[in-house]
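Below: one structure, written as structure tokens.
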Amino acid sequence: MDSAYTAMKGSFKPNDFGLYDMLGNVLEMVDDCWVDNYSQTPIDGSSWLNGECSRKTVRSGSWFDGPRILRSANRYGYYKGGRNYTLGFRVPELWINLILQL
-11 MDSAYTAMKG SFKPNDFGLY DMLGNVLEMV DDCWVDNYSQ TPIDGSSWLN
39 GECSRKTVRS GSWFDGPRIL RSANRYGYYK GGRNYTLGFR VPELWINLIL
89 QL
């Protein structure tokens, strides 16, 4: 790979939808508690806060992973206290702006 490293946001060109950094930087830990399937998860985009909450849902893949894992549909449970150099999370720009106003 010619770009096998964790990169700063906006380091690469946007996709056809104008979105940056959608795959391949780090695995993304999301707010949802881990659940094996989607049968009872919310359909309105809200976080799933039932299920096995000792683990959080991790999505996508990182710079370290191959094509089979590096896709937005990839997901698995990861223990909340776990650490990994390929794991991260997104901070909404709204939060950043609110913090900067403090």
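Residue numbers (the numbering used here): -11 to 90. All C-beta atoms in this analysis are idealised placements derived from N, C-alpha and C, irrespective of residue type, glycine included. Because the structure is a prediction, the values reported are computed rather than measured.
Query	Result
Within this structure, are the beta carbons of Arg46 and Tyr67 separated by less than 7 Å?	The amino acid occupying residue 46 in the given sequence is Val; Arg does not appear at that position. Result no, Cβ atoms of Val46 and Tyr67 do not sit closer than 7 Å.
For Lys112, count neighbouring Cβ atoms within 10 angstroms of its own Cβ and tell me buried if that reaches 16, exposed if not.	For the chain, the structure presents residues -11 to 90; residue 112 sits outside this window and is missing.
With DSSP as the reference, label Trp83 as helix, strand or coil.	helix
Does Leu118 come out as helix, strand or coil in the three-state DSSP assignment?	As displayed, the chain neither begins before -11 nor continues past 90, which places residue 118 out of reach and without an answer.
Is Leu75 helix, strand or coil when you go by DSSP?	strand
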